[in-house]
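Quick note, the sequences are listed as chains A and B, same order. Be aware that the first sequence starts at 2, since it is given in this note's numbering, and climbs by one per residue. Be aware that the second sequence starts at 51, since it is given in this note's numbering, and climbs by one per residue. A short worksheet on the structure shown next.
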Amino acid sequence: MTPRALWKDLAVLAALALYAVPFFWQALTSLKPEAELMVLPPLWPSRLTWEHYQVVLERSPMLRALGNSLGVGAITTALSLGLGAAAAYGLARFPVPGKGALLLALIAGTAFPQIATVSPLYLLVRALDLRDTWLALILANTSFALPLVIWLLAGFLRDVPAELEEAAAVDGAGPVRAFRWVVLPLLAPGLASSALLTFLLSWNEFLFAYTFTATEASRTAPVALALFPGVFEVPWGDIAAASMLASLPPVALVVGLQRYLVRGLLAGALRE
Amino acid sequence: MSAPPRAGVPAGRGASARAGGDPGAAARRRHRRRRRQGLLLVAPALIVLAALTAYPTLWVLWLSLQRRIPIFGIERFEGLGNFVFLAGDPRFWNAVRVTLGFAVASVGLELVGGLAVALMLRGQRVGRRAAISLLLLSWALPSVVTAKLFEWLFNPTAGLVNFALGGAALNWLGDPALALPGVIVADAWRTLPFVALLCYARLATIPPAIYEAAQMDGAGALATFWRITLPLSRQILLIAVLFRTLDALRAFDVMFILTGGGPAGTTETLTVYAYRSLFQTLQLGLGSAVGVAVFALVMAVAWGYLRALRREGLTA
Chain A
2 MTPRALWKDL AVLAALALYA VPFFWQALTS LKPEAELMVL PPLWPSRLTW
52 EHYQVVLERS PMLRALGNSL GVGAITTALS LGLGAAAAYG LARFPVPGKG
102 ALLLALIAGT AFPQIATVSP LYLLVRALDL RDTWLALILA NTSFALPLVI
152 WLLAGFLRDV PAELEEAAAV DGAGPVRAFR WVVLPLLAPG LASSALLTFL
202 LSWNEFLFAY TFTATEASRT APVALALFPG VFEVPWGDIA AASMLASLPP
252 VALVVGLQRY LVRGLLAGAL RE
Chain B
51 MSAPPRAGVP AGRGASARAG GDPGAAARRR HRRRRRQGLL LVAPALIVLA
101 ALTAYPTLWV LWLSLQRRIP IFGIERFEGL GNFVFLAGDP RFWNAVRVTL
151 GFAVASVGLE LVGGLAVALM LRGQRVGRRA AISLLLLSWA LPSVVTAKLF
201 EWLFNPTAGL VNFALGGAAL NWLGDPALAL PGVIVADAWR TLPFVALLCY
251 ARLATIPPAI YEAAQMDGAG ALATFWRITL PLSRQILLIA VLFRTLDALR
301 AFDVMFILTG GGPAGTTETL TVYAYRSLFQ TLQLGLGSAV GVAVFALVMA
351 VAWGYLRALR REGLTA
């Protein structure tokens, strides 16, 4: 086919920018002076101000919540990848009995509705005295991230030739050393994709975080945003600023690490 | 790769030499050792999943058979009482209707929109990265942020939607006729990029020669779409439908925050009903029963789709 004309490419970019308008509108709202929030038109405010961000950072628990989200997300990702890489390696390369059933259970695991397990997990969290802790969220998030990670990594492992490990085994390397020195370097891009998706899942998770937390000590960014305090009227500007802060890491990942994100997304869906 | 075939490796030098000349026994030993190593590798993840998914699943089934209202100190076994109650509960059947309506409408929007975006993106040369960034932006945002964006867009006095409609004064999220469509649009906005990306990836693998041949045969744009693009995208669309339907059936965040299930229950999905029973009216048994219903619905749909995909020749 003949290459497309430049104006068509630009038109597509414009259409996609239009699609993202809900986000840009919130960004603009977060910079509008308080007095101009509830008046429309005009679309563009008379001046831009950082005052909403100041309010959110200084007088709301958002900063603490962002820290909680970051911590929970990082530990969930590390835990899921550690457990998931070992399990995927075992399933992909070793004669594990009941492999087919396990893989099927893992697919079922990725479709698992969290609303079905939220009540027993809540009782469990309470019984173990884990309410309002990071650990409760890390465990809950790992429970739904882990099947996806195993599934993704088992798929990526299929692209790593097994002959290399066999050669390493012949040279006397055990499975741990073979994994560390032969497989890991080749699996790195797959691990990066899985890590990105896990972190995003954890960052965006709401139901468990809303149910298992009680105070600023463990509330994540989405929970803090959902519970954003308003005394008499809804503080739209502050909420917009808080939304922008809660969106920063996902947006940075989409823009900065797009290649790995797209790879992971496609692998999850196409590897069957 | 010039490595020996796999079957040749088990009786490799070290093993057969030490086994005293019986390669069969050595291979069996090696197989047992590999099986043990494999189980050791898989075990930690399985233990975690057993504790955090399988065990709670059995527990929720048990809970759903109980009448359990902690604040009144009620805790007793009730058999299928909760399910019998739900079978005659208009609120439950309303939630089933809302859930199915929501799923069908939002997945439908995503499929049509996603395929359209993929067709637009195909052949993009200038700013492809920027285009994908703009597209994936809405997918990557936390769902709570999406809900807040649309709450503001749908604001009756200062919302961009009413402004775009020429100064309409519609109360989107407060009107029983408009709330569900509003929620559906918000959810579709968030998840359409996933479908678009899948379709885009599929379209990129269709050889241009097919289109050139069609062009040569004088096929128009419409005929090309119906006769070539759509049939070749069939499998990926089925996979997208599977993933997205399962997600839509268990969706919770957007409606919970945008409308909380209101007005008048018009956006109360099964998940919202379950949540409100569990943590607002504190009926742990009843809420768990609704949760089990969601679980059964998701698994039934997954099973149905997997059968359909298998018929398509996909080993999903």
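Cβ atoms here follow ideal geometry from the backbone N, Cα and C, with glycine treated the same way.
For Q174(B), no alpha helix (DSSP H) run applies, since DSSP gives it neither H nor E. The contact set of S219(A) on chain B, defined by CB atoms closer than 7 angstroms, is empty, because the minimum CB distance reaches about 16 angstroms. For W152(A), the nearest beta carbon of chain B is not closer than 9 angstroms to its own beta carbon. The DSSP assignment places complete alpha helix (DSSP H) segments of no fewer than 4 residues inside the segment 73 to 104 of chain B at 73 to 99, in order along the chain.
Counted as a single uninterrupted DSSP element, the stretch harbouring F233(A) is not any alpha helix (DSSP H), since DSSP gives it neither H nor E. Cβ neighbours of R300(B) within its own chain (closer than 7 angstroms, five residues either side excluded): T321, V344 and V348. Just so you know, the alpha carbons of D130(A) and T111(A) end up roughly 28 angstroms apart. The contact set of G72(A) on chain B, defined by CB atoms closer than 8 angstroms, is empty, because the minimum CB distance reaches about 16 angstroms. Taking 9 angstroms as the upper bound on Cβ-Cβ separation, chain B lies near residues L107, I108, A109, G110, T111, A112, F113, P114, Q115, I116, A117, T118, V119, S120, P121 and L122 of the segment 107 to 122 of chain A. By the C-beta density criterion, P230(A) is exposed, having fewer than 16 other C-beta atoms within 10 angstroms. Three or more Cβ pairs closer than 8 angstroms define a contact, and the segment 302 to 312 of chain B meets that threshold against the segment 221 to 231 of chain B.
Taken atom to atom, the span from the alpha-carbon of A251(B) to that of L186(B) is near 14 angstroms. Around Q27(A), the same chain offers A241 and S244 as residues with beta carbons nearer than 6 angstroms, after the five sequence neighbours per side are excluded. With fewer than 16 other Cβ atoms from the protein chains shown falling within 10 Å of its own Cβ, L19(A) counts as exposed.
It is roughly 41 angstroms from the alpha-carbon of L84(A) to the alpha-carbon of W143(B). When only Cα atoms are considered, V224(A) and S70(A) end up about 10 angstroms apart. The segment 239 to 306 of chain B is shown to contain whole alpha helix (DSSP H) runs of 4 or more residues at 258 to 266, 271 to 274 and 280 to 299, in chain order. For the segment 197 to 215 of chain B, the set of residues with a beta-carbon nearer than 9 angstroms to any beta-carbon of chain A comprises A197, K198, L199, F200, E201, W202, L203, N205, T207, A208, G209, L210, N212 and F213, in chain order. Listed by position along chain A, the residues whose Cβ is nearer than 8 angstroms to that of R357(B) form an empty set, because the closest Cβ is around 13 angstroms away. For A218(A), the CB contacts under 7 angstroms within the same chain, skipping 5 residues up- and downstream, are D133 in chain order. Look at F204(B) here: in three-state DSSP terms it is coil, with no helix or strand label.
Under the 9 angstroms criterion on CB atoms, L228(B) is classed as non-interfacial with respect to chain A. Using beta-carbon distances, R300(B) counts as an interface residue toward chain A, with a partner under 9 angstroms. The C-beta of R5(A) comes closer than 9 angstroms to at least one C-beta of chain B.
Judged by DSSP secondary structure, R126(B) falls within the beta strand (DSSP E) whose first and last residues are I124 to F127. Within the same chain, and ignoring the five residues on either side of L187(A) in sequence, the residues whose Cβ sits closer than 6 angstroms to its Cβ are V161. Each residue's CA atom was taken as its position, placing E125(B) and P62(A) some 37 angstroms apart. Between A168(B) and C249(B), the C-beta gap is smaller than 9 angstroms, which places the two residues in contact. In the structure shown, R117(B) falls within a strand segment according to DSSP collapsed to helix, strand and coil. In the three-state scheme derived from DSSP, where H, G and I count as helix and E and B as strand, E206(A) is classed as coil.
Here the segment 130 to 142 of chain B makes no contact with the segment 147 to 166 of chain A; the two share fewer than three CB pairs at distances below 8 angstroms. Residue environment for A214(B): exposed (fewer than 16 other C-beta atoms within 10 angstroms of its C-beta). The segment 322 to 350 of chain B contains no complete beta strand (DSSP E) run of 3 or more residues.
If you draw a straight line from the Cα of V255(A) to the Cα of Y261(A), it is about 9 angstroms long. Rounded to the nearest whole angstrom, the C-alpha separation of N221(B) and N205(B) is 7 angstroms. A buried status is given to E206(A), since no fewer than 16 other beta-carbon atoms sit within 10 Å of its beta-carbon.
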